[in-house]
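Asks:
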Amino acid sequence: MQKAKSSDSGCCSHDDHDRSHENHNHDHDHGHDHDHGNGDFNLKQELVPVILVVVLFVGGLIFEEKLHNTPYSIGEYLVFIPAYLLSGWNVLTSAGRNILRGRVFDENFLMTIATLGALAIHKLPEAVGVMLFFKIGELFQDFAIGRSRQSIRSLLEIRPDSANLKQNGDIKKVAPETVAVGDIILVKPGEKIPLDGEIIDGNSQIDTSALTGESVPRTVKVGETVLAGTINQTGVLTVKVTKVFGESSISRILELVENARSKKAATEKFITKFANYYTPFVVFASLAVALIPPLFISGVTNADRFLWVYRALVLLVISCPCGLVISIPLGYFGGIGGAAKGGILVKGSTFLDTLTAVKIVVLDKTGTLTKGVFKVAQIVPANGFSQTELMEIAAKIESQSNHPVAKSIVEAYGGKIDSSDVKDYEEIGGHGIRAKVNNQIVIAGNDRLLHRENIPHDVCNAGGTVVHLAVDNRYAGHILIADELKEDAVQAIRDLKKLGVERIVMLTGDNQAVADSVAKKLGLDSYLAELLPEGKVEAIEKLISQSKKGDKIVFVGDGINDAPVLARADVGIAMGGLGSDAAIETADVVIMSDAPSKVAEAIQIARKTHNIVWQNIIFAMSVKGIFIALGAFGLATMWEAVFADVGVALAAIFNATRVLK
Numbered sequence: 152m153q154k155a156k157s158s159d160s161g162c163c164s165h166d167d168h169d170r171s172h173e174n175h176n177h178d179h180d181h182g183h184d185h186d187h188g189n190g191d192f193n194l195k196q197e198l199v200p201v202i203l204v205v206v207l208f209v210g211g212l213i214f215e216e217k218l219h220n221t222p223y224s225i226g227e228y229l230v231f232i233p234a235y236l237l238s239g240w241n242v243l244t245s246a247g248r249n250i251l252r253g254r255v256f257d258e259n260f261l262m263t264i265a266t267l268g269a270l271a272i273h274k275l276p277e278a279v280g281v282m283l284f285f286k287i288g289e290l291f292q293d294f295a296i297g298r299s300r301q302s303i304r305s306l307l308e309i310r311p312d313s314a315n316l317k318q319n320g321d322i323k324k325v326a327p328e329t330v331a332v333g334d335i336i337l338v339k340p341g342e343k344i345p346l347d348g349e350i351i352d353g354n355s356q357i358d359t360s361a362l363t364g365e366s367v368p369r370t371v372k373v374g375e376t377v378l379a380g381t382i383n384q385t386g387v388l389t390v391k392v393t394k395v396f397g398e399s400s401i402s403r404i405l406e407l408v409e410n411a412r413s414k415k416a417a418t419e420k421f422i423t424k425f426a427n428y429y430t431p432f433v434v435f436a437s438l439a440v441a442l443i444p445p446l447f448i449s450g451v452t453n454a455d456r457f458l459w460v461y462r463a464l465v466l467l468v469i470s471c472p473c474g475l476v477i478s479i480p481l482g483y484f485g486g487i488g489g490a491a492k493g494g495i496l497v498k499g500s501t502f503l504d505t506l507t508a509v510k511i512v513v514l515d516k517t518g519t520l521t522k523g524v525f526k527v528a529q530i531v532p533a534n535g536f537s538q539t540e541l542m543e544i545a546a547k548i549e550s551q552s553n554h555p556v557a558k559s560i561v562e563a564y565g566g567k568i569d570s571s572d573v574k575d576y577e578e579i580g581g582h583g584i585r586a587k588v589n590n591q592i593v594i595a596g597n598d599r600l601l602h603r604e605n606i607p608h609d610v611c612n613a614g615g616t617v618v619h620l621a622v623d624n625r626y627a628g629h630i631l632i633a634d635e636l637k638e639d640a641v642q643a644i645r646d647l648k649k650l651g652v653e654r655i656v657m658l659t660g661d662n663q664a665v666a667d668s669v670a671k672k673l674g675l676d677s678y679l680a681e682l683l684p685e686g687k688v689e690a691i692e693k694l695i696s697q698s699k700k701g702d703k704i705v706f707v708g709d710g711i712n713d714a715p716v717l718a719r720a721d722v723g724i725a726m727g728g729l730g731s732d733a734a735i736e737t738a739d740v741v742i743m744s745d746a747p748s749k750v751a752e753a754i755q756i757a758r759k760t761h762n763i764v765w766q767n768i769i770f771a772m773s774v775k776g777i778f779i780a781l782g783a784f785g786l787a788t789m790w791e792a793v794f795a796d797v798g799v800a801l802a803a804i805f806n807a808t809r810v811l812k
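Per my numbering, the sequence shown starts with residue 152, numbered consecutively.
(1) Output needed for residue 534: all residues of its chain with C-beta closer than 7 Å, excluding positions within five of it in sequence on either side, in chain order.
(2) In the structure shown, what three-state DSSP assignment does residue 653 receive?
(3) Which residue comes first and which comes last in the beta strand (DSSP E) that contains residue 321?
(4) Residue 748 lies in the alpha helix (DSSP H); which residues open and close that run?
(5) Once the 5 residues before and after residue 820 are set aside, which same chain residues still bring their CB inside 8 Å of it?
(6) I need the boundaries of the beta strand (DSSP E) containing residue 369, first residue and last residue.
(7) Looking at the secondary structure, which residues open and close the alpha helix (DSSP H) in which residue 622 lies?
(8) Find out if the Cβ-Cβ distance for the pair residue 497, residue 652 is shorter than 8 Å.
(9) In the structure shown, what three-state DSSP assignment does residue 254 receive?
(10) Just reading off the alpha helix (DSSP H) that residue 220 is part of, what are its end residues?
(11) In this structure, does DSSP put residue 546 in helix, strand or coil?
(12) Under the assumption that residue 246 contacts residue 260 (Cβ atoms under 8 Å), give the Cβ distance between them as a whole number of angstroms.
(13) Roughly how many angstroms separate the alpha carbons of residue 700 and residue 207, rounded to a whole number?
(14) When the distance is taken between beta carbons, is residue 596 closer than 8 Å to residue 568?
(15) Short of 8 Å in beta carbon distance, which residues of its chain neighbour residue 649, apart from the five on each side in sequence? Order them along the chain.
(16) State the DSSP-derived secondary structure class of residue 338, mapped to helix, strand or coil.
(17) Quick one: grab the DSSP three-state call for residue 449.
(18) Under three-state DSSP, which class holds residue 666?
(19) Going by beta carbon distance, what residues of the same chain come within less than 6 Å of residue 749, once the five residues before and after it are set aside?
(20) Determine the extent of the alpha helix (DSSP H) in which residue 638 is found, giving its start and end residues.
(21) In the DSSP output, what is residue 375 paired with across the bridge?
(22) Just to confirm before moving on: does the CB-CB distance between residue 690 and residue 528 stay below 8 Å?
(23) What's the gap between the Cα of residue 658 and the Cα of residue 630?
(24) Please state whether DSSP places residue 559 in a helix, a strand or coil.
(25) Our contact map puts residue 758 next to residue 501 with C-beta atoms below 8 Å; I'd like the distance itself, whole angstroms only.
(26) Using three-state DSSP, classify residue 718 as helix, strand or coil.
(27) In chain order, what residues of the same chain have a beta carbon less than 6 Å from the beta carbon of residue 275, not counting five sequence neighbours either side?
(28) DSSP three-state call for residue 381: helix, strand or coil?
(29) Can you give, in chain order, each stretch of the alpha helix (DSSP H) that sits fully within the region 482 to 512 and has at least 4 residues?
(30) From what residue to what residue does the beta strand (DSSP E) around residue 315 run?
(31) By a C-beta neighbour count over all protein chains shown, 10 Å radius and 16 as the cutoff for buried, is residue 285 buried or exposed?
(32) With respect to the beta strand (DSSP E) encompassing residue 515, which residues constitute its N-terminal and C-terminal limits?
(33) From the DSSP output, which residues share a beta bridge with residue 629?
(34) Work out the CA separation of residue 499 and residue 182 for me, nearest whole Å.
(35) In this structure, does DSSP put residue 346 in helix, strand or coil?
(36) Between residue 741 and the ligand HEM, is there a pair consisting of the residue's CB and a ligand heavy atom that are separated by less than 7 Å?
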């Protein structure tokens, strides 16, 4: 049975209940100097060197005096140097690579030169401690990001794997890319349609939700066009290919995703920007402390020169920004981990930053704000029929169909149905069904069917899918099939507005009547309906062009046709419980519970994380500034250097862990 879209044929029109189910898949190359993996993160494997370093580090501290008293302090070197290399190898190699690329002054370089300075003044535990803390911080962040990606599959999996090519009476399975325009392919029930084409034999129902957003399967017959990426559900179809694979609908979706990705700018880490100024200043200031004072001191001795070099190295150790380079990723890890506890998977700290500046939230409808499950919402009898009679007639005729709308009516009826009462069942493509029920001619379908049969009626669009019924050419009434709002949808909109979101917009593939009804119930600022994926991207582009500088746009969706717009928005949020693989992969944030109220929660977590990170930055810089001044004048020893470095780092780490609560 088909509840098809109707044209304006009279006073009324009824559009199909469309569904925006989208999916998105993209690996964002957002700036991070340390590569955090691509989903292949192995916690056990990464823990091995960290545990080994911890053992060496703790053992070295416990037996430091004994190790120091070995000839040439070789015991210390044998314990701490391996620990240093194991924990700091990535930082050392990153600094080396960046130097070769002309990027000398970054946090890797400063950490390297500071820890090498610590080694030079024989402060081996300090050097290892700095690298170890940083390694643990990165391990935490890698684990969080890796966990958020483990269950995510590639968008490429929505590509049809093969096509059943029909040649000379034989069927041969080939790659869709090898099929030419004009070739004949066979599509069996349950298979993805591999290429765009025209049906030349057979009829079936196809699931088009992945591409068009239409929520109910569409009945197709000879002469109609089918699109690649949709799923054939019931009958065998023989299709004449009209477009090569590279020009097919599914390929256009993939291309849109790739183009949208290229427009997303990576957010550069604060520490990297800061290091552009801080690192060269510290390095040259240390050199100045080591070289300049002896030039102006008369009678300077080698001991005096060593003293100034010692002060310079102390200054380098004090200046090491591990309080920043550790607490910043740990702060973001706390945000990511705290969000994960609430069923919100954030794929990188960049997106937490972006969420703090969100002023516009754009939402898909079906599967995002609504449940995507059809239920009878209203029974409206007419011309003397009762609700009970209308439902009984509807249930009997719809019992012969596998259509989701038909199933919802049968389920709502709930009584026993005698199928022998239904005879001469006939499906009318694009309109509805006709059958003889208890020796009466009954039709059930859309508004277009009523106009076709010249049955007078005065019912216009309602906020859902309408099934009209007539008995012996007399209008009997209609049944409204509506997709239910999610329980927390209204609260989700309220929470967003409380957070200061200036505009909340709904984009949907559904018809105007349904979209208008949902928008009014939720109190949305605006909506756009009957959109294809391209239309959604255009809408987002327009919103971006109209937004103020610095304001960010979030898009929330769950289907394959949302993939391009999820990629184009500043932050794409996918519903992970029921959402398609492509949407989940393309998204920057995945809500595993499918609850729209989690969008506001994600923004709250992002803001809390942002505040804590900046608390750490201000605290670390203030303490560092004080001790740098003390070190430059020789008022700070290595003990103060240790406090300024490790102490600040630990304090910042403890502060960062508050995000998890």
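Just so you know, even glycine gets a beta-carbon here, dropped at the ideal spot from N, CA and C.
Replies: In brief:
(1) Reading the sequence shown from its first residue, position 383 is the one you call residue 534. Cβ neighbours of residue 534 beyond the five flanking positions: 625, 626 and 627.
(2) As a working mapping, residue 653 is identified with position 502 in the sequence shown. Residue 653 falls in the coil class under three-state DSSP.
(3) Residue mapping note: residue 321 aligns to position 170 of the sequence shown, counting from 1. Taken as a continuous stretch (DSSP letters only), the beta strand (DSSP E) holding residue 321 covers 321 to 325.
(4) Numbered from its first residue, the sequence shown carries residue 748 at position 597. Unbroken alpha helix (DSSP H) run through residue 748: 748 to 783.
(5) Outside the displayed span of the chain (152 to 812) sits residue 820, for which this structure offers no information.
(6) On the sequence shown, residue 369 is found 218 positions in, with the first residue counted as 1. From DSSP, the beta strand (DSSP E) with residue 369 extends over 369 to 371.
(7) If you number the sequence shown from 1, residue 622 lands on position 471. Run containing residue 622: none in the alpha helix (DSSP H); it sits in the beta strand (DSSP E), 616 to 622.
(8) Your numbering for residue 497 matches position 346 in the sequence shown. Your numbering for residue 652 matches position 501 in the sequence shown. Going by C-beta atoms, residue 497 is not nearer than 8 Å to residue 652.
(9) For this step, residue 254 is matched to residue 103 along the sequence shown. Coil at residue 254, not helix or strand.
(10) Residue mapping note: residue 220 aligns to position 69 of the sequence shown, counting from 1. Unbroken run through residue 220: none, as it is neither H nor E.
(11) Within the sequence shown, residue 546 is the residue found at index 395, counting from 1. It is helical.
(12) Taking the sequence shown and counting its residues from 1, one reaches residue 246 at position 95. Taking the sequence shown and counting its residues from 1, one reaches residue 260 at position 109. So it is a contact: roughly 5 Å between Cβ atoms.
(13) The sequence position of residue 700 within the sequence shown is 549, counting from 1. The sequence position of residue 207 within the sequence shown is 56, counting from 1. About 51 Å.
(14) Residue 568 sits at position 417 when you count from the first residue of the sequence shown. Residue 596 sits at position 445 when you count from the first residue of the sequence shown. No, they are not a contact pair.
(15) Counted from its first residue, the sequence shown places residue 649 at position 498. Here the set comprises 751.
(16) Taking the sequence shown and counting its residues from 1, one reaches residue 338 at position 187. Here residue 338 sits in strand by DSSP.
(17) Your numbering for residue 449 matches position 298 in the sequence shown. DSSP places residue 449 in coil when its eight states are reduced to three.
(18) To locate residue 666, count along the sequence shown from 1; it is residue 515. In this structure, residue 666 counts as helix in the three-state DSSP scheme.
(19) In the sequence shown, the residue the question calls residue 749 occupies position 598. Once the five neighbours on either side are set aside, the close Cβ partners of residue 749 are 495 and 742.
(20) Along the sequence shown, read from residue 1 onward, the residue named residue 638 stands at position 487. Where residue 638 is concerned, there is no enclosing alpha helix (DSSP H), given that its DSSP letter is neither H nor E.
(21) The sequence position of residue 375 within the sequence shown is 224, counting from 1. DSSP output for residue 375 lists no bridge partner at all.
(22) Mapped onto the sequence shown, residue 690 falls at position 539. Mapped onto the sequence shown, residue 528 falls at position 377. No, Cβ-Cβ distance for residue 690 and residue 528 is not below 8 Å.
(23) Here residue 658 is taken as the residue at index 507 of the sequence shown, counted from 1. Here residue 630 is taken as the residue at index 479 of the sequence shown, counted from 1. C-alpha separation (whole angstroms): 26 Å.
(24) Along the sequence shown, read from residue 1 onward, the residue named residue 559 stands at position 408. Here residue 559 sits in helix by DSSP.
(25) For the purposes of this step, residue 758 is taken as the residue at position 607 of the sequence shown. For the purposes of this step, residue 501 is taken as the residue at position 350 of the sequence shown. Actually they do not touch by this definition, with Cβ atoms about 15 Å apart.
(26) On the sequence shown, position 567 is the one that residue 718 refers to. Reduced to three states, the DSSP call for residue 718 is helix.
(27) What you label residue 275 is simply residue 124 of the sequence shown in a count that begins at 1. Taken in chain order, the residues that qualify are 227 and 231.
(28) Numbered from its first residue, the sequence shown carries residue 381 at position 230. Note: residue 381 maps to coil in three-state DSSP.
(29) 500 to 506
(30) Along the sequence shown, one-based indexing puts residue 315 at 164. Residue 315 -> beta strand (DSSP E) spans 314 to 318.
(31) Translated into the one-based positions of the sequence shown, residue 285 becomes position 134. Under this definition residue 285 is a buried residue.
(32) In the sequence shown, the residue the question calls residue 515 occupies position 364. Residue 515 -> no beta strand (DSSP E), and no H or E assigned at all.
(33) Counted from its first residue, the sequence shown places residue 629 at position 478. Answer is 531 and 619.
(34) Residue numbering aside, residue 182 sits at position 31 when the sequence shown is read from its first letter. Residue numbering aside, residue 499 sits at position 348 when the sequence shown is read from its first letter. Any reading at residue 182 must be qualified, since the residue scores a pLDDT of 36, below 50, and its modelled position is unreliable; no value is offered.
(35) Within the sequence shown, the letter at position 195 stands for residue 346. If DSSP states are grouped into helix, strand and coil, residue 346 belongs with coil.
(36) Ligands in the displayed structure: none, and consequently the ligand HEM is not present.
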